[in-house]
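In the numbering used here, the protein residues as written are 2 to 387. We treat Cβ as the ideally placed atom computed from N, Cα and C, and that holds for glycine. Written below as structure tokens is the structure these notes are about.
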Amino acid sequence: MAIRVNPGYIEVLDKFGAEDVQMCYQCGDCSTVCAHADDIFKFPRKSMRQLQMGLEEKLETSLEPWLCYYCGQCSEQCPREADPGETMMSLRRWLISRYDITGIANQFFNSRTREILTVLLIAVLTGIYLTFYGISGGSIHVYDGEGAFLPSSFIHTFDLTVGGIMFLFLWLGALRMWYFSMVKGMSIPVPWWLYFKKLYEIPFQFITQKRYAECENNGNSKLYMPWLVHFGLASGYSIMIILIMVFVEPLQAGPEIVWPLHIFGYLATIGLLIGCIYFVRQRIVKTKHVQYKKTHSTDWMFVILLIIITVSGIVQHILHRTGYLEAANITYVIHLMAVVPWLLRMPFSKWSHLIYRPMAMYFAEIQREAVVRQQKLVDPLSITIK
Ligand code: SF4
Ligand code: SF4
Numbered sequence: 002m003a004i005r006v007n008p009g010y011i012e013v014l015d016k017f018g019a020e021d022v023q024m025c026y027q028c029g030d031c032s033t034v035c036a037h038a039d040d041i042f043k044f045p046r047k048s049m050r051q052l053q054m055g056l057e058e059k060l061e062t063s064l065e066p067w068l069c070y071y072c073g074q075c076s077e078q079c080p081r082e083a084d085p086g087e088t089m090m091s092l093r094r095w096l097i098s099r100y101d102i103t104g105i106a107n108q109f110f111n112s113r114t115r116e117i118l119t120v121l122l123i124a125v126l127t128g129i130y131l132t133f134y135g136i137s138g139g140s141i142h143v144y145d146g147e148g149a150f151l152p153s154s155f156i157h158t159f160d161l162t163v164g165g166i167m168f169l170f171l172w173l174g175a176l177r178m179w180y181f182s183m184v185k186g187m188s189i190p191v192p193w194w195l196y197f198k199k200l201y202e203i204p205f206q207f208i209t210q211k212r213y214a215e216c217e218n219n220g221n222s223k224l225y226m227p228w229l230v231h232f233g234l235a236s237g238y239s240i241m242i243i244l245i246m247v248f249v250e251p252l253q254a255g256p257e258i259v260w261p262l263h264i265f266g267y268l269a270t271i272g273l274l275i276g277c278i279y280f281v282r283q284r285i286v287k288t289k290h291v292q293y294k295k296t297h298s299t300d301w302m303f304v305i306l307l308i309i310i311t312v313s314g315i316v317q318h319i320l321h322r323t324g325y326l327e328a329a330n331i332t333y334v335i336h337l338m339a340v341v342p343w344l345l346r347m348p349f350s351k352w353s354h355l356i357y358r359p360m361a362m363y364f365a366e367i368q369r370e371a372v373v374r375q376q377k378l379v380d381p382l383s384i385t386i387k
């Protein structure tokens with residue numbers, strides 16, 4: 002089958018953040034230092050080459066950008082300052098836009114204005130809807146129970162609807178990833194039972210982010226700070242999503258504190274706050290970690306919304322528990338005005354890696370075993386992942 006070449010592909014990737022690809026002269030140093038590259042997945046050099054050659058279809062089927070954790074080791078070693086780490090990050094952004102069937106991700110990554118306007122529009126519509134709902138059926142002076150401004154049963158249904166839309170788009174994207182990488186991108190048969198054998202990879206990689214901890218660029222520290230912060234942030238917002246989707250009704254009751262539930266909310270809030278502060282500080286101070294030197298505008302939106310959500314959540318919680326119910330209701334509306342665009346935007350942003358990365362690890366392990374099995378049957382040199 003003929004391979005289609007896109008001569009303008011480098012310019013396309015430039016908009017996603019890859020600015021220095023042409024500097025690469027294929028020495029291979031980057032792949033040598035990368036803790037995760039091997040004989041089967043030869044990134045980032047191979048991805049740099051495919052990009053230079055305009056092999057858009059090959060990169061579309063590649064899982065390699067997801068196997069990179071952006072430790073920055075390769076960029077530090079590159080003699081040409083071609084920044085392969087940032088290129089892998091840009092490829093992940095581009096792949097997110099390829100998995101997305103709506104075209105929204107592409108619009109967001111290519112226009113900061115469109116993204117800001119969309120987020121503002123969703124926030125304002127959410128505020129108007131919740132305010133009218135509250136005024137029509139309840140009282141601003143009542144926080145929970147009969148006559149509440151925003152009854153917990155209504156909020157529960159509202160959260161499940163918004164969360165359902167978010168997960169629908171995320172899983173549609175994951176389905177496209179499977180089609181690109183496991184159907185279009187495989188030249189050898191994949192036994193069906195490998196999907197079951199490797200299934201544990203999804204929760205295992207999601208929870209531990211083990212490969213990130215294995216990055217060698219750890220500054221001689223056993224506690225690799227970017228991994229620790231990433232772990233805190235991911236755990237924080239995973240716990241928050243579970244609390245919002247499942248336990249919002251007992252959490253909203255009060256003013257008594259339900260310690261077996263609230264303790265998780267408090268821990269998640271601490272994780273989110275520390276993660277946000279670390280993220281902002283690293284990008285403003287531009288520390289030694291190369292992965293913080295460049296930040297795409299879309300990376301900021303997630304953190305700004307998360308800061309608003311976290312701070313408004315803390316304020317609302319304090320106001321409710323101390324009896325300032327009118328102020329608590331108003332703060333609750335502001336809080337949800339940030340929560341809704343934050344959730345709805347996730348499938349179209351870098352942060353969809355919450356789902357895409359563990360899925361990619363899972364598919365990559367299946368590919369690896371399929372290749373090894375095939376190598377035992379035929380000439381090893383004839384086997385590749387397309
Ligand atoms: S990105 Fe840099 S280190 Fe990697 S192959 Fe190209 S020139 Fe060499
Ligand atoms: S940033 Fe780190 S994990 Fe990613 S390709 Fe470079 S060395 Fe490998």
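(message) Between M89 and ligand 1, is there a pair consisting of the residue's CB and a ligand heavy atom that are separated by less than 6 Å?
(response) One-based indexing of the sequence shown puts residue 89 at position 88. No, ligand 1 has no heavy atom inside 6 Å of this Cβ.
(request) Determine the extent of the alpha helix (DSSP H) in which W260 is found, giving its start and end residues. (result) Here residue 260 refers to the residue found at position 259 of the sequence shown. Where W260 is concerned, the enclosing alpha helix (DSSP H) stretches over W260 to V286.
(request) Could you spell out the range, first to last residue, of the alpha helix (DSSP H) harbouring C75? (result) By 1-based counting over the sequence shown, the position of residue 75 is 74. C75: member of the alpha helix (DSSP H) spanning Q74 to Q78, first to last residue.
(request) Assuming M167 contacts M347 (C-beta within less than 8 Å), just tell me the rounded distance between them. (result) If you number the sequence shown from 1, residue 167 lands on position 166. If you number the sequence shown from 1, residue 347 lands on position 346. 6 Å between Cβ atoms; contact.
(request) Assign P256 to buried or exposed, taking buried as 16 or more other Cβ atoms, counted over all protein chains shown, within 10 Å of its Cβ. (result) Taking the sequence shown and counting its residues from 1, the one referred to as residue 256 is at position 255. Exposed, since its Cβ has fewer than 16 Cβ neighbours within 10 Å.
(request) Could you check the C-alpha separation between V13 and D101 for me, to the nearest Å? (result) Position 12 of the sequence shown holds residue 13. Position 100 of the sequence shown holds residue 101. Roughly 16 Å separates the two Cα atoms.
(request) State the start and end residues of the unbroken alpha helix (DSSP H) segment that holds H157. (result) Here residue 157 refers to the residue found at position 156 of the sequence shown. From DSSP, the alpha helix (DSSP H) with H157 extends over S153 to W179.
(message) Suppose only complete runs of 4+ residues qualify. What are the alpha helix (DSSP H) ranges in the segment 50–122, listed by chain order?
(response) Every alpha helix (DSSP H) stretch that sits fully inside the segment 50–122 and reaches 4 residues is listed by chain position as 57–61, 65–68, 74–78, 85–100 and 105–111.
(message) Tell me which residues pass a beta-carbon proximity test against ligand 1: closer than 7 Å to any heavy atom, given in chain order.
(response) Residues close to ligand 1 by the beta carbon criterion (under 7 Å to any non-hydrogen atom) are, from first to last along the chain, M24, C25, Y26, Q27, C28, G29, D30, C31, S32, P45, R46, M49, C75, Q78, C79, P80, R81, A83 and P85.
(request) Rank T62, Q74 and Y10 by C-alpha distance to the C-alpha of L55 and give the top, closest one. (result) The residue you call residue 55 lines up with position 54 of the sequence shown. The displayed chain sequence assigns Gly, not Leu, to residue 55. Relative to the Cα of G55, the nearest Cα in the group T62, Q74 and Y10 belongs to Y10.
(message) Please tell me whether, using a cut-off of 6 Å, the distance from the CB of H231 to the nearest non-hydrogen atom of ligand 2 is below it.
(response) Here the question's residue 231 lines up with position 230 in the sequence shown. No, ligand 2 has no heavy atom inside 6 Å of this Cβ.
(request) State yes or no: is the C-beta of F303 within less than 7 Å of the C-beta of I105? (result) By 1-based counting over the sequence shown, the position of residue 303 is 302. By 1-based counting over the sequence shown, the position of residue 105 is 104. It is not a contact, given that the beta carbons lie outside the stated cut-off.
(request) Measuring alpha carbon to alpha carbon, tell me which of R177, A149, H318 and V286 ends up nearest S63. (result) What you label residue 63 is simply residue 62 of the sequence shown in a count that begins at 1. It is R177.
(message) Using the Cβ count rule (16 or more neighbours within 10 Å means buried), how would you classify Y363?
(response) In the sequence shown, counting from the first residue as 1, residue 363 sits at position 362. Buried, since its Cβ has 16 or more Cβ neighbours within 10 Å.
(request) Give the single residue among E87, K185, S98 and A124 whose Cα lies nearest to the Cα of L345. (result) The sequence position of residue 345 within the sequence shown is 344, counting from 1. The shortest C-alpha separation from L345 is found at A124.
(request) Within 10 angstroms of the Cβ of H336, are there 16 or more other Cβ atoms? Answer buried if so, exposed if not. (result) Taking the first residue of the sequence shown as position 1, residue 336 is located at position 335. H336 should be labelled buried.
(request) Determine the DSSP secondary structure at S140, reduced to helix, strand or coil. (result) The residue given as residue 140 occupies position 139 in the sequence shown. The answer is strand: DSSP assigns S140 an E or B state.
(message) Determine whether the beta carbon atoms of I367 and L161 lie at a separation below 7 Å.
(response) Position 366 of the sequence shown holds residue 367. Position 160 of the sequence shown holds residue 161. No; because the gap between Cβ atoms is not below 7 Å, this pair is not in contact.
(request) Classify V340 as buried or exposed, calling it buried when 16 or more other Cβ atoms lie within 10 Å of its own Cβ. (result) In the sequence shown, the residue the question calls residue 340 occupies position 339. Taking all protein chains shown into account, V340 has 16 or more neighbouring C-beta atoms within 10 Å of its C-beta and is therefore buried.
(request) With a cut-off of 8 Å on the beta carbons, I'd call S76 and P85 a contact; round off their distance for me. (result) The sequence position of residue 76 within the sequence shown is 75, counting from 1. The sequence position of residue 85 within the sequence shown is 84, counting from 1. 6 Å between Cβ atoms; contact.
(request) Tell me whether the beta-carbon of L268 lies closer than 7 Å to the beta-carbon of L252. (result) Translated into the one-based positions of the sequence shown, residue 268 becomes position 267. Translated into the one-based positions of the sequence shown, residue 252 becomes position 251. Their beta carbons are not under 7 Å apart, which means L268 does not touch L252 by this criterion.
(message) Check for me: the alpha helix (DSSP H) holding H37 runs from which residue to which?
(response) Taking the first residue of the sequence shown as position 1, residue 37 is located at position 36. According to the DSSP assignment, H37 belongs to no alpha helix (DSSP H), since it is labelled neither H nor E.
(request) Using 6 Å as the cut-off, classify the Cβ of Y70 as near or not near the heavy atoms of ligand 2, replying yes or no. (result) On the sequence shown, position 69 is the one that residue 70 refers to. Indeed, a heavy atom of ligand 2 lies less than 6 Å from the Cβ.
(message) Is any non-hydrogen atom of ligand 2 found closer than 6 Å to the C-beta of H297, if you look at the structure I gave you?
(response) Within the sequence shown, numbered from 1, the residue matching residue 297 stands at position 296. Checking the Cβ of H297 against ligand 2 gives no.
(message) My output table needs one value for A19: the three-state DSSP class, helix, strand or coil.
(response) Position 18 of the sequence shown, counting from 1, holds the residue named residue 19. A19 falls in the coil class under three-state DSSP.
(message) Could you check whether the Cβ of H1 sits closer than 6 Å to any heavy atom belonging to ligand 2?
(response) The question about residue 1 has no answer, for the chain in this structure spans 2 to 387.
(request) Using only alpha-carbon positions, find the residue among W193, G272, V6 and K199 that is nearest to K59. (result) Counted from its first residue, the sequence shown places residue 59 at position 58. A check of alpha carbon separations from K59 across W193, G272, V6 and K199 identifies V6 as the nearest.
(message) For F114, count the other beta carbons within 10 Å of its own beta carbon; 16 or more makes it buried, fewer makes it exposed. Which is it?
(response) Reading the sequence shown from its first residue, position 113 is the one you call residue 114. Checking the sequence, you will find Thr at residue 114 rather than Phe. Burial call: exposed.
(message) Can you list, in chain order, the residues of its chain with a C-beta nearer than 8 Å to that of D39? Leave out the 5 residues immediately preceding and following it.
(response) As a working note, residue 39 is residue 38 in the sequence shown. Nothing listed; no residue qualifies.
(request) Using alpha carbons as the reference points, say which of I331, S239 and F280 lies closest to F265. (result) Taking the first residue of the sequence shown as 1, we reach residue 265 at position 264. Closest option to F265, Cα to Cα, is S239.
(request) Spatial neighbours of E327 within its chain, please: CB distance less than 8 Å, with the 5 preceding and 5 following residues excluded, ordered by chain position. (result) The sequence position of residue 327 within the sequence shown is 326, counting from 1. Excluding residues within five positions, the ones whose Cβ falls inside 8 Å are I141 and H142.
(message) Can you tell me which residues form a DSSP beta bridge with A149?
(response) Taking the sequence shown and counting its residues from 1, the one referred to as residue 149 is at position 148. Beta-bridge annotation (DSSP): A149 is paired with S140.
(request) Note down, one range per segment and in chain order, each beta strand (DSSP E) of at least 3 residues found wholly within the segment 313–369. (result) Given a length threshold of 3 residues, the segment 313–369 has no whole run of the beta strand (DSSP E) inside it.
(request) Could you work out which residue in Y180, D15 and K198 is closest to S91 when comparing CA atoms only? (result) Counting from 1 along the sequence shown, the entry for residue 91 is found at position 90. Closest in alpha carbon position to S91, among Y180, D15 and K198, is D15.
(message) Classify I285: buried if its beta carbon has 16 or more other beta carbons within 10 angstroms, exposed otherwise.
(response) Sequence index remark: in the sequence shown, residue 285 carries index 284 (1-based). By the neighbour-count rule (16 or more Cβ atoms within 10 Å), I285 is not buried but exposed.
(message) Please return the same chain residues whose Cβ sits closer than 7 Å to the Cβ of H354, not counting the five positions on each side in sequence.
(response) Sequence index remark: in the sequence shown, residue 354 carries index 353 (1-based). Closer than 7 Å at the Cβ level, and outside the excluded window around H354, lie R93.
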